[in-house]
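Okay, so the sequence shown: first residue is 15 according to this note's numbering, each after it adds one.
Cβ coordinates follow ideal geometry from the N, Cα and C atoms, glycine included.
In what follows, a single structure is set out as structure tokens and then discussed.
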Amino acid sequence: MSGKPEVLYRHGDHYCLAFTDLVTGQGVQANQFLIVHGEHTLLLDPGGDLTYIPLNIAITRYINPKKLNYIFASHQDPDIIASIDRWMINSGCQVLVSKLWDRFLPHLLSAHVDKQVGDFNDRVVSIPDRGMRLPFGDSELVILPAHFLHSVGNFQLYDPISKILFSGDMGASIGDDSGAALVTDFAAHIPLMQGFHRRYMCSNKATRLWARMVKQLDVEMIVPQHGLAFKGANMIGEFLDWISDLECGVDRVQQQDYAVPS
């Protein structure tokens, strides 16, 4: 475990970093991301206690964690935001999370957090269902709706400067041990995505509408929270076409899936 990030983009004082090797033991592999624009900083899906210490150490090479401005939580899963109490205590960050989940996050806080940092609610930015544009220095970040992919209150983040879409669980892959960072053979990559997407994504209607939205953006890279990234128009196009046609979630359920156990 090196903690050395992959540089997804760097130009001037704007850069995007991916930390891909911080999960150890039995936890599912998960990526964490840092966006920096001058003095402005945002950490995406920082994870739980499993990644808190190594991530905190890793980002100190680039920023002062105590001065972190934002944490973005794409949804409520433990590999996304379970370490929120430690980030709240050890930084002055605000937390960006769906309005559907903001009242659930206090369940992840230790009892002493409010005593140390004040009212948790004062540091939560509730994201409306339609998403929002977040001012970020003299730039902005675009928070995109991705509901039911897989969470009922799910969001993704698009950075117009780097043209990276941080896609959360959309495009996630499990089981690659090549050490690669990018998908190079889409057909060979499908088996690493297919089972996960068929089970976790709500329906083809949701995936199709999502893909249609993404095609309106100028995207040069799609970077999921698990596994490899998609880079370039051809690879991104292949993924969007594949996910648009995928039968998943409620499309696949039958009566036998709702049977009393024998």
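Answer with buried or exposed for residue i, where buried requires no fewer than 16 other C-beta atoms within 10 angstroms of its C-beta.
i	result
P205	exposed
Y76	exposed
T34	buried
A172	The sequence shown places Tyr at residue 172, not Ala. So Y172 ends up on the buried side.
L231	exposed
D255	exposed
P19	buried
Y272	exposed
Q46	buried
G246	exposed
G62	buried
T198	exposed
Q196	Rather than Gln, the amino acid found at residue 196 in this sequence is Leu. L196 comes out exposed.
V274	exposed
Quick one, are the C-beta atoms of residue i and residue j less than 8 Å apart?
i	j	result
I85	P68	no
T74	L163	no
G209	F253	no
A87	L110	yes
K81	N104	no
M215	C262	yes
L64	L57	no
D190	G151	no
H51	H25	no
L123	D143	no
Here's a check: name, in chain order, each residue in its chain whose Cβ is nearer than 7 Å to the Cβ of residue i, leaving out the five neighbours to either side.
i	result
I250	V233, I236 and F244
L114	V166 and G167
W101	P60, I85 and C107
F169	S88, S112, I141, G145, I157, L158, P159 and A160
S181	Q170, I236, V237 and P238
L22	C30, L31, A32, S176, I178, M235 and V237
P120	F134
P92	G62
V37	Q43, A44, L64 and T65
Q90	W115, F118 and S165
R266	R212
Within the same chain, show all residues whose beta-carbon is closer than 6 Å to that of residue i, passing over the 5 residues directly before and after it, in chain order.
i	result
S192	none
E53	none
I257	T221 and A225
Give me, in chain order, the residues of the same chain whose beta-carbon lies closer than 8 Å to that of residue i; leave out the 5 immediate sequence neighbours on both sides.
i	result
K229	L254
E154	R147, L148 and P174
A194	L242
Which residue spans inside the stretch 161-187 form an unbroken beta strand (DSSP E) run of at least 3?
Complete beta strand (DSSP E) runs here, min 3: 169-173 and 178-182.
Curious, which full-length beta strand (DSSP E) runs of at least 3 residues does the stretch 21-55 contain?
The stretch 21-55 contains these whole beta strand (DSSP E) runs: 28-33 and 46-51.
Could you give the uninterrupted runs of the beta strand (DSSP E) lying entirely in the stretch 111-150, keeping only those of 3 residues or more?
The DSSP assignment places complete beta strand (DSSP E) segments of no fewer than 3 residues inside the stretch 111-150 at 138-141 and 146-150, in order along the chain.
Contiguous alpha helix (DSSP H) assignments of at least 4 residues, all confined to the stretch 60-110:
Taken in chain order, the whole alpha helix (DSSP H) runs of length 4 or more contained in the stretch 60-110 are 63-73, 92-95 and 98-104.
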